[in-house]
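Input: a single structure, listed below in structure tokens.
2 protein chains.
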Amino acid sequence: MKQIIVKKGHILQRKGDLSSKVYHVRRGLLRSYQIDEKGKEHIFMFGPEGWIVADSNSGDEPCELYIDALEDTTLIVTDKNITTEVVDPSPLIKRMGVLQKRILMLMSASAYHRYEHFIHTYPDILQRVPQKMIASYLGITPEALSKVKGEHARDRS
Amino acid sequence: MKQIIVKKGHILQRKGDLSSKVYHVRRGLLRSYQIDEKGKEHIFMFGPEGWIVADSNSGDEPCELYIDALEDTTLIVTDKNITTEVVDPSPLIKRMGVLQKRILMLMSASAYHRYEHFIHTYPDILQRVPQKMIASYLGITPEALSKVKGEHARDRS
DNA sequence: CTTCTTTCTTAATCTAGATTAATGCGCAAG
DNA sequence: CTTGCGCATTAATCTAGATTAAGAAAGAAG
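One line per chain: the protein sequences are Z and Y, in this order. Each residue of the first sequence is one higher than the one before, starting from 8 at the first, in the numbering used here. Each residue of the second sequence is one higher than the one before, starting from 8 at the first, in the numbering used here.
Structure, rendered in structure tokens:
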């Protein structure tokens, strides 16, 4: 368990790496993402203060996700394999709740509703990252997000 | 920790319930699903032998998901709050890996590719549930799945 | 301040998948 | 056997969001 500081833009993990690291964010902002066959980025998760960021690959398989820093970030690095420490299940439960909600949103909600849910759930992140990353997280294009934002602003007035 | 048997069609949990039960499937098949505002079902997860099915709501909040039995099912019921037993984190890690994959598929893959991934990953479930449930799991309509199946069969010949 | 690069917006077109509707097929119940 | 209902298929339309393209705005770099 060591604490490190990474600069904005630093890549902590790439697809294919054999890392089994878990990153606990103390200050700053990480993101984990995939790059598909067409070279398009899809953000899996933002990791602001207090969050845990990791690839859920089982043990010794290569990573699926890239992880990098969107801001200068202070974090604690641990390893999944080292289970000497007692694992507190509550952050895992919370994380699963977030993933469950995300899946249900992707399956049943429109871009408009996903955006609305996002700004209510993560109002701070909205201010800290470019629109195109919000779009990537929501599973839509930046162009579509731009349109949705317009509709949303109109509805609020 | 008690073992129970439920008949096909039995509903174990409804949205809004204050249950914090965890179902470990020994034999049979469960599913968890959501019903959206328009009354449409969206299957969150199938739970065949060896799987754990539960709503990832944190502690005392009401459930989001319905859970029912698609076959006569034998299962072990435990409670999330009772942490007297030591929790084995490995099923949780595996579960998170599945959820991660699911999110990335929903964000980046076409109906065709999601179907292909499904039949390779869960070939047995394909035989055990009606097409409309596969469609619901994939996040498409039964009509769209019918078309995709046709294309897939054509490609294989 | 000026230039370069990245981000955001707007608009025109295109397409995967939704919706609607009609038909046929099991299969369980009487 | 036959009636009825849930399921699957096919086809015609429709639409949310993708793609493409082109400018405007806003940072970063010198």
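We treat Cβ as the ideally placed atom computed from N, Cα and C, and that holds for glycine. The model shown is predicted, which means the values in this text are computed figures rather than measured ones.
Can you confirm whether residue i, when its beta carbon is compared against all beta carbons of chain Z, has any partner nearer than 8 Å?
{"i": "glycine 23 (chain Y)", "result": "no"}
{"i": "leucine 106 (chain Y)", "result": "yes"}
{"i": "glycine 146 (chain Y)", "result": "yes"}
List, in chain order, every chain Y residue whose beta-carbon is nearer than 7 Å to that of residue i.
{"i": "histidine 49 (chain Z)", "result": "Leu111, Met114 and Ser115"}
{"i": "asparagine 64 (chain Z)", "result": "Gly104"}
Using DSSP with H/G/I as helix, E/B as strand and the rest coil, what is residue i?
{"i": "alanine 76 (chain Z)", "result": "strand"}
{"i": "valine 29 (chain Y)", "result": "strand"}
{"i": "arginine 21 (chain Z)", "result": "coil"}
{"i": "isoleucine 12 (chain Y)", "result": "strand"}
{"i": "serine 117 (chain Z)", "result": "coil"}
{"i": "aspartate 131 (chain Z)", "result": "helix"}
{"i": "serine 143 (chain Y)", "result": "helix"}
{"i": "glycine 35 (chain Z)", "result": "coil"}
{"i": "glycine 54 (chain Y)", "result": "strand"}
{"i": "aspartate 162 (chain Y)", "result": "helix"}
{"i": "glutamate 48 (chain Z)", "result": "strand"}
{"i": "valine 136 (chain Z)", "result": "coil"}
{"i": "isoleucine 89 (chain Y)", "result": "coil"}
What residues of chain Z sit near residue i, judged by a beta carbon separation below 7 Å?
{"i": "aspartate 43 (chain Y)", "result": "Ser115"}
Kindly list the residues whose CB is nearer than 8 Å to the CB of residue i, restricted to its own chain and excluding five residues on each side of it in sequence; keep chain order.
{"i": "lysine 28 (chain Y)", "result": "Leu19, Gln20, Ala61, Val84, Thr85, Asp86 and Lys87"}
{"i": "isoleucine 59 (chain Z)", "result": "Val29, Tyr30, His31, Val32, Pro98 and Arg102"}
{"i": "cysteine 70 (chain Z)", "result": "Gln20, Arg21, Lys22, Gly23, Asp24, Leu25, Ser26, Asp62 and Asn64"}
{"i": "histidine 49 (chain Z)", "result": "Tyr40, Gln41, Ile42, Asp43, Ser143 and Gly146"}
{"i": "serine 153 (chain Z)", "result": "Gln138"}
{"i": "alanine 151 (chain Z)", "result": "Ala118 and Ala142"}
{"i": "aspartate 67 (chain Z)", "result": "Leu25 and Ser27"}
{"i": "alanine 116 (chain Y)", "result": "His124"}
With a CB to CB cut of under 7 Å and the five nearest residues on each side skipped, what residues in its chain are close to residue i?
{"i": "threonine 81 (chain Z)", "result": "Gln10, Ile12, Arg33, Arg34 and Gly35"}
{"i": "glutamate 158 (chain Z)", "result": "Tyr119"}
{"i": "isoleucine 126 (chain Y)", "result": "Leu133"}
{"i": "proline 149 (chain Z)", "result": "Gln138, Lys139 and Ala142"}
{"i": "glycine 46 (chain Y)", "result": "none"}
{"i": "histidine 17 (chain Z)", "result": "Asp75 and Ala76"}
How many whole angstroms separate the CB atoms of residue i and residue j, which I take to be in contact at a CB cut-off of 8 Å?
{"i": "isoleucine 147 (chain Z)", "j": "alanine 118 (chain Z)", "result": "5 Å"}
{"i": "isoleucine 110 (chain Y)", "j": "isoleucine 110 (chain Z)", "result": "6 Å"}
{"i": "leucine 106 (chain Z)", "j": "leucine 72 (chain Y)", "result": "About 13 Å; that fails the 8 Å criterion."}
{"i": "histidine 124 (chain Y)", "j": "methionine 112 (chain Y)", "result": "6 Å"}
{"i": "proline 55 (chain Z)", "j": "aspartate 131 (chain Z)", "result": "7 Å"}
{"i": "tyrosine 129 (chain Y)", "j": "valine 155 (chain Y)", "result": "The Cβ separation is near 16 Å, so there is no contact."}
Ordered along the chain, which non-local residues of its own chain (more than five positions away) have a Cβ less than 6 Å from that of residue i?
{"i": "arginine 38 (chain Z)", "result": "Ile50, Phe53 and Leu77"}
{"i": "aspartate 79 (chain Y)", "result": "Lys14, Lys15 and Gly35"}
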